[in-house]
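Undergrad: The numbering of the sequence shown is numbering that gives the first Met the number 0, which starts it at 0 and goes up by one.
Dropping the structure in here first, questions after.
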Amino acid sequence: MTEVNRRIHVIGINSFKFEDLSFKLKNLFLETENIAVPNSYFEEIKLWSEDNLLKKKSFFSSKSNNELINWLRSQKADVILISRGDPLWYGIGRILLESFSKDELIFYPSNTCIQLAFSKLKIPWQETINVSIHGRDSTKLVEVLKTKPHNLAIITDSKNESLEIIKKNLSELNLIDFYEFWLCEELGFENENIRKLNPKEKLPSDISSLNIVILTKSKKNHSNKNIPLFGISDIIYKTFEDRPNLLTKREVRIQILADLELPKEGVIWDIGAGCGSIGLEALKLRPNLDLFCIDKRIGSKSLILENSKKLGVKPRLIFEEDIIDTLNTRNLSSFEKPNRLVIGGCDKKTKLITINRFAKDMHIGDIIVIPIIDIQTIRELKEELEDKNFKTNLNLIQTYKSLSIAEGIRLEPNNPVFLLKGKK
């Protein structure tokens, strides 16, 4: 192996003040002649040499491109490359490791801008999700926002109007009230500024290009005064953050409610109710309906109760149990039979048993709607409904949402869902 005779010292900084460097890094700077500095703060770093010259300095203004790599390769003696924060965290470290051997590189990380931001906000950040849209599109940002993390740190890029993109993505995903929006500028430097912005309002005109965004989950409670009668936003419903499938998405929910042809009075059973979104919205539309919710997942009853309070409605009964147990252990003759039946959140066998048990007692005009994501189950379910004298039809619901990116907008597909409807 060829011995490496020179080193590239990559120094991360969080301040333009020479005195803020450690003793070791001060000496390294004083003793090194060739120094590469990002052009955005080239003049500030050049000032370090005016009163501290031990050797003549040669500064290279870096744009972090191939010119920098070629300059580094041309140097025969040790050089310094100034970076920000931790060079190996969304920094130039990755590019350097692709271009030079590990033996040539020595990294001196400073605090990342994320560490500084959360220390200033006085918020623990061990579970924070980090995303960079600096020189990247916002695809990853959208993916992460959909999971609704408690805290999200975003490395921005002033060249692609990324602050506007973040605002638009929050609005398009109905998360604009879900997060507090913290703009952190020039962290660790003399002009450091942290301010909480309202993403519904126009951005300030005096924003520094050196900024990051921290999104923290809002503690704001949604008032039922602003909830629409129909087409309620997903964000209104409380669900378990690690179980997003407990919520039927708004676009699919709207079609299910339409297919149910809700009567003014009667009984609706919501099986596999999850957080209760379908049944509770049906009750909001038709307050005189009696709603029975069944879901076997632990905690579903408390979710449904909390969401019913938000919507200002009250289910007749909530069973936190498997529908098979309900059918086998409870005296169903004491309950009102459904005029409208939604069967979701269970396997094909359970769906078939449920149809078989309820269909015989349903009357002319009564309706069953079954959301399906497994195409292989459709045929048997359809045949079971038709065998019980239900006229069926099948719809594929595939919707797309427009999401803002640097170049304009792109269409983001939602998962397709089949809706099998049977009307007796």
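Every residue gets a Cβ at the ideal spot worked out from N, C-alpha and C, and that includes glycine.
Computed from a predicted model, the values in this text were never measured in an experiment.
1) Which stretch, first to last residue, makes up the beta strand (DSSP E) that contains Thr-391?
2) In this structure, how does DSSP classify Leu-27 when only helix, strand and coil are distinguished?
3) Which two residues bound the contiguous beta strand (DSSP E) that contains Ser-109?
4) Pick out whichever of Leu-140, Ser-73, Gly-134 and Cys-112 has its Cα sitting closest to the Cα of Ser-157.
5) Less than 8 angstroms between the CB atoms is what I'm expecting for Leu-211 and Ile-153, so what's the real figure, rounded?
6) Let's see if you can read the secondary structure: which residues bound the beta strand (DSSP E) around Asp-269?
7) Count the other CB atoms within 10 Å of the CB of Lys-167; is the residue buried (16 or more) or exposed (fewer)?
8) Whole angstroms is fine: what's the gap from Glu-411's alpha carbon to Lys-147's?
9) Output needed for Asp-258: all residues of its chain with C-beta closer than 8 angstroms, excluding positions within five of it in sequence on either side, in chain order.
10) What three-state label does DSSP hand Ile-79 in the structure shown?
11) Enumerate in chain order the residues of its own chain whose CB-to-CB distance from Glu-160 is below 8 angstroms, with the five nearest sequence positions on each side excluded.
12) Determine the direct distance from the alpha carbon of Glu-305 to that of Ile-427, and round the result to whole angstroms.
13) Tell me the DSSP secondary structure of Tyr-428 in three-state form.
14) Assuming Glu-425 contacts Asn-192 (C-beta within less than 8 angstroms), just tell me the rounded distance between them.
15) Using the DSSP secondary-structure output, state which residues sit across from Phe-58 in a beta bridge.
16) For the beta strand (DSSP E) that Thr-127 lies in, which residues bound it at each end?
17) Report the rounded CA-to-CA distance for Lys-336 versus Ile-164, giving the unit in angstroms.
18) Can the beta-carbon of Glu-171 be found less than 8 angstroms from the beta-carbon of Thr-398?
19) Can you tell me which of the three DSSP states Met-0 falls into?
20) What residues match up with Lys-422 in a beta bridge as DSSP calls it?
21) Am I right that Ile-10 and Leu-29 are in contact with their C-beta atoms under 8 angstroms? What's the rounded C-beta distance?
22) Once DSSP output is grouped into helix, strand and coil, what is the label at Asn-306?
23) To the nearest angstrom, report how far apart Phe-17 and Leu-151 are at their CA atoms.
24) Quick check: the Cα distance between Arg-296 and Asp-321, rounded to an integer number of angstroms?
25) Thinking Leu-340 and Phe-318 are a contact (beta carbons under 8 angstroms), I'd like their distance in whole angstroms, please.
26) Which of the three DSSP states is assigned to Ile-354 in this structure?
27) Can you find a heavy atom of the ligand SAH that lies under 7 angstroms from the Cβ of Ser-60?
28) Less than 8 angstroms between the beta carbons of Lys-387 and Ile-354, yes or no?
29) Within 10 Å of its beta-carbon, does Phe-229 have 16 or more other beta-carbons around it, so buried, or fewer, so exposed?
30) Report yes if the CB atom of Pro-37 is closer than 8 angstroms to the CB atom of Ser-63, and no otherwise.
31) For Lys-45, which residues from the same chain have a beta carbon less than 6 angstroms from its beta carbon, with the 5 sequence-adjacent residues on both sides left out?
32) With a CB to CB cut of under 8 angstroms and the five nearest residues on each side skipped, what residues in its chain are close to Ile-377?
33) So the candidates are Ser-73, Asn-225 and Gly-84; which of them puts its Cα closest to the Cα of Leu-310?
34) Please state if the CB of Lys-199 and the CB of Trp-181 are separated by a distance shorter than 8 angstroms.
TA: Let me lay it out:
1) 390-396
2) helix
3) No beta strand (DSSP E) contains Ser-109, which DSSP labels as neither H nor E.
4) Gly-134
5) Correcting the residue type first, residue 211 is Ile in the shown sequence and not Leu. Confirmed, about 6 angstroms.
6) 265-270
7) So Lys-167 ends up on the buried side.
8) 17 angstroms
9) Ile-366, Val-368, Asn-394, Leu-418 and Lys-420
10) strand
11) Ala-405
12) Within the shown structure, residues of the chain are numbered from 0 to 423, placing residue 427 beyond reach of any answer.
13) Given a span of 0 to 423 for the chain in the structure shown, any question on residue 428 remains unanswerable.
14) What is shown of the chain runs 0 to 423, which leaves residue 425 out entirely.
15) Ile-34
16) Segment: none, Thr-127 is in no beta strand (DSSP E) and carries neither H nor E.
17) Rounded to the nearest angstrom, the two C-alpha atoms are 50 angstroms apart.
18) no
19) Per-residue confidence for Met-0 stands at a pLDDT of 43, beneath the threshold of 50, marking its modelled position as unreliable; no derived number is given.
20) Ile-366 and Lys-390
21) Not really, about 13 angstroms apart at Cβ, beyond 8 angstroms.
22) helix
23) 32 angstroms
24) Taking the straight line from one Cα to the other gives about 8 angstroms.
25) Contact flag wrong, Cβ pair sits at about 15 angstroms.
26) Correct three-state label for Ile-354: helix.
27) Questions concerning the ligand SAH fall outside what the structure shown contains, since it holds no ligand whatsoever.
28) Contact flag set, yes.
29) Under this definition Phe-229 is an exposed residue.
30) Yes.
31) So the list reads Phe-58, once near-sequence residues are dropped.
32) Ile-371, Leu-393, Phe-417 and Leu-419
33) Asn-225
34) no
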